[in-house]
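K.L.:
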Amino acid sequence: MDPGTWGNKTAVTEFILLGLTENTRLHYILFVVFLFAYVVTVGGNLSILAAIFVEPKLHIPMYYFLGNLSLLDIGCITVTVPSMLACLLAHQCRVPCAACISQLFFFHLLAGVDCHLLTAMAYDRYLAICEPLTYSTRMSREVQGVLVGICCTISFVNALTHTVAVSMLSFCGPNVVNHFYCDLPPLFQLSCSSIYLNGQLLFVGATFMGVIPMILISVSYAHVAAAVLRIRSAEGRKKAFSTCGFHLTVVCIFYGTGFFSYMHLGSVSASDKDKGIGILNTILCPMLNPVIYSLRNPDVQGALRRVLTGKRPQE
1 MDPGTWGNKT AVTEFILLGL TENTRLHYIL FVVFLFAYVV TVGGNLSILA
51 AIFVEPKLHI PMYYFLGNLS LLDIGCITVT VPSMLACLLA HQCRVPCAAC
101 ISQLFFFHLL AGVDCHLLTA MAYDRYLAIC EPLTYSTRMS REVQGVLVGI
151 CCTISFVNAL THTVAVSMLS FCGPNVVNHF YCDLPPLFQL SCSSIYLNGQ
201 LLFVGATFMG VIPMILISVS YAHVAAAVLR IRSAEGRKKA FSTCGFHLTV
251 VCIFYGTGFF SYMHLGSVSA SDKDKGIGIL NTILCPMLNP VIYSLRNPDV
301 QGALRRVLTG KRPQE
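What the sequence shown shows, in UniProt numbering, is residues 1 to 315, in sequence order.
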């Protein structure tokens with residue numbers, strides 16, 4: 001749009017988030033449901049962290065990555081849900097532009113680390129199953145730290161790039177966001193200026209944050225599947241497939257919802273569907289991760305019992 005066209009319009013200083021529904025009668029019900037989901041998610045992931053911390057058996061690379069994943073899950077749900085709960089109680093949601101952009105930054109930062117951490121976990125499973133003799137040296141503590149550092153660095157650059165690009169857009173009205181948190185697609189729909197550069201950056205970001213990790217995960221598990229099928233013991237095959245199957249379940253949910261959310265920028269009518277996808281991405285995945293990954297594990301269950309009863313772990 002030509003600057004002269006919107007120059008006389010009032011610049012937007014805040015956004016109004018419509019939330020999940022405009023029916024105020026449902027707000028208190030939704031508040032209870034999502035407060036319960038938040039408490040369960042934070043409590044479940046803190047329990048996993050406590051179990052990993054106190055149980056020497058869990059001081060291995062797989063649980064080091066799972067501990068980091070639990071921290072990310074707590075962060076992701078905290079970025080979006082508490083503000084949504086406050087909006088449900090107030091029956092309205094007015095968010096200053098700076099707060100909206102800050103939420104966008106932290107959401108993409110944490111979700112981005114999550115993307116690459118899942119890739120690191122796939123690599124860990126590949127080494128453990130396909131290269132067991134060199135696993136301890138190739139997945140040393142130093143390597144674990146480097147992998148997590150790379151995940152954080154790539155995600156930080158990606159989140160900062162999108163945040164700076166969005167902050168340079170012009171918003172001159174309307175300022176109503178059809179979502180329950182600030183994200184790129186709904187903000188693009190409200191921009192008075194061109195979003196061509198933002199769309200290109202989103203495409204590049206999706207390649208580095210989604211496509212490449214998915215390829216690496218697929219390659220890792222293709223090798224894992226081939227190695228597992230060579231195991232003669234049926235019990236061994238079942239255990240290996242069970243461990244990897246939980247990981248792949250989370251990968252499919254996380255990446256599937258992510259691709260759906262960011263691959264249809266031109267569709268305004270899809271906004272209501274995006275709310276459902278947003279719930280899967282920001283609430284359901286963090287809530288299910290402790291159950292899918294750890295709470296079904298006998299070692300984790302034993303560690304949690306010791307945490308709750310105050311018993312010292314056996315060396």
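Beta carbons: idealized from backbone N, C-alpha and C, even for Gly.
Who are the near neighbours of serine 267 in its chain, counting only those whose CB is closer than 6 Å to its CB and skipping five residues on each side?
P.N.:
Only weak support exists for where serine 267 lies, its pLDDT of 49 falling under 50; the coordinates are left without a value.
K.L.:
Helix, strand or coil: how does DSSP classify arginine 94 here?
P.N.:
It is a strand residue.
K.L.:
Tell me, please, which residues DSSP counts as bridged to phenylalanine 15.
P.N.:
Its beta-bridge partners are Val95.
K.L.:
Evaluate proline 286 with the Cβ neighbour count: other Cβ atoms within 10 Å of its Cβ, from every protein chain shown; 16 or more gives buried, anything less gives exposed.
P.N.:
With 16 or more other Cβ atoms within 10 Å, it is buried.
K.L.:
Considering only residues of the same chain and omitting the five flanking positions on each side of valine 42, which have a CB-CB separation below 8 Å?
P.N.:
Same-chain partners within the cutoff: Ile74, Ile77, Thr78.
K.L.:
Using DSSP's beta-bridge definition, name the partner residues of valine 177.
P.N.:
Answer by DSSP bridge pairing, in chain order: Leu17.
K.L.:
Would you call the segment 115–126 in contact with the segment 142–162, where contact means no fewer than 3 C-beta pairs closer than 8 Å?
P.N.:
Short answer: they touch.
K.L.:
For the alpha helix (DSSP H) containing arginine 138, name the first residue and the last one.
P.N.:
Note, arginine 138: alpha helix (DSSP H), 135–138.
K.L.:
Should serine 233 go down as buried or exposed, given a rule of 16 or more other Cβ atoms within 10 Å for buried?
P.N.:
Its Cβ having fewer than 16 others within 10 Å, serine 233 is exposed.
K.L.:
Taking its Cβ as the centre, do 16 or more other Cβ atoms sit within 10 Å of phenylalanine 105, making it buried, or is it exposed?
P.N.:
Label assigned to phenylalanine 105: buried.
K.L.:
Would the segment 127–139 count as touching the segment 165–182 if we require 3 or more Cβ pairs under 8 Å?
P.N.:
Cβ pair count under 8 Å is below three, so no.
K.L.:
Kindly give me the distance between the Cβ atoms of asparagine 175 and glutamate 14, rounded to whole angstroms, as I take these residues to be in contact under 8 Å.
P.N.:
Indeed, because the Cβ distance is near 7 Å, the residues count as touching under 8 Å.
K.L.:
Count the other CB atoms within 10 Å of the CB of threonine 309; is the residue buried (16 or more) or exposed (fewer)?
P.N.:
Threonine 309 should be labelled exposed.
K.L.:
Could you pull the start and end residues of the alpha helix (DSSP H) that leucine 58 belongs to?
P.N.:
Careful: leucine 58 lies outside any alpha helix (DSSP H) and carries neither H nor E.
K.L.:
Taking the alpha helix (DSSP H) that cysteine 151 belongs to, which residues open and close that run?
P.N.:
Its alpha helix (DSSP H) spans residues 141–167.
K.L.:
How should threonine 24 be labelled, buried or exposed, when 16 other C-beta atoms within 10 angstroms of its C-beta is the threshold for buried?
P.N.:
Classification for threonine 24: exposed.
K.L.:
Measure the alpha-carbon distance for valine 219 versus serine 193 and round it to whole angstroms.
P.N.:
Looking at the two C-alpha atoms, the distance is approximately 41 Å.
K.L.:
Judging by CA-CA distance, which residue of Ala37, Val33, Thr21 is the nearest neighbour of leucine 288?
P.N.:
The option with the nearest alpha carbon to leucine 288 is Ala37.
K.L.:
If you follow the alpha helix (DSSP H) that threonine 309 is in, where does it begin and where does it stop?
P.N.:
Per DSSP, threonine 309 belongs to the alpha helix (DSSP H) from 298–309.
K.L.:
Taking the alpha-carbon of leucine 280 as reference, which of Val40, Gly112, Leu201, Ile253 has the nearest alpha-carbon?
P.N.:
Nearest C-alpha to leucine 280: Ile253.
K.L.:
When the distance is taken between beta carbons, is histidine 247 closer than 8 Å to glycine 205?
P.N.:
Contact: no.
K.L.:
Between which two residues does the alpha helix (DSSP H) carrying cysteine 182 extend?
P.N.:
Careful: cysteine 182 lies outside any alpha helix (DSSP H) and carries neither H nor E.
K.L.:
Could you pull out every residue in the same chain whose Cβ sits closer than 7 Å to the Cβ of leucine 35, ignoring the five residues on either side in sequence?
P.N.:
So the list reads Leu85, once near-sequence residues are dropped.
K.L.:
So, for valine 250: in the same chain, excluding its five sequence neighbours on each side, which residues have a beta-carbon less than 8 Å away from its beta-carbon?
P.N.:
Cβ neighbours of valine 250 beyond the five flanking positions: Leu118, Cys285, Leu288, Asn289, Ile292, Tyr293.
K.L.:
Three Cβ pairs or more, each shorter than 8 Å: is that satisfied between the segment 39–57 and the segment 209–219?
P.N.:
No, they do not touch.
K.L.:
Mapping DSSP to helix, strand and coil, what is cysteine 192?
P.N.:
Correct three-state label for cysteine 192: coil.
K.L.:
On the CB-based measure, 16 or more other CB atoms within 10 Å of its CB, does phenylalanine 203 come out buried or exposed?
P.N.:
So phenylalanine 203 ends up on the exposed side.
K.L.:
What would DSSP say about cysteine 172, mapped onto helix, strand or coil?
P.N.:
Correct three-state label for cysteine 172: coil.
K.L.:
If you draw a straight line from the alpha carbon of serine 70 to that of asparagine 45, how long is it in whole angstroms?
P.N.:
Cα to Cα, serine 70 sits roughly 5 Å from asparagine 45.
K.L.:
Compute the beta-carbon to beta-carbon distance between tyrosine 181 and glutamine 103, rounded to the nearest angstrom, for a pair I have assumed lies under 8 Å.
P.N.:
Indeed they touch by this definition, with Cβ atoms about 6 Å apart.
K.L.:
Under a three-way DSSP split, which group does residue 320 fall into?
P.N.:
Limits of the chain in this structure are 1 at one end and 315 at the other, which puts residue 320 out of reach.
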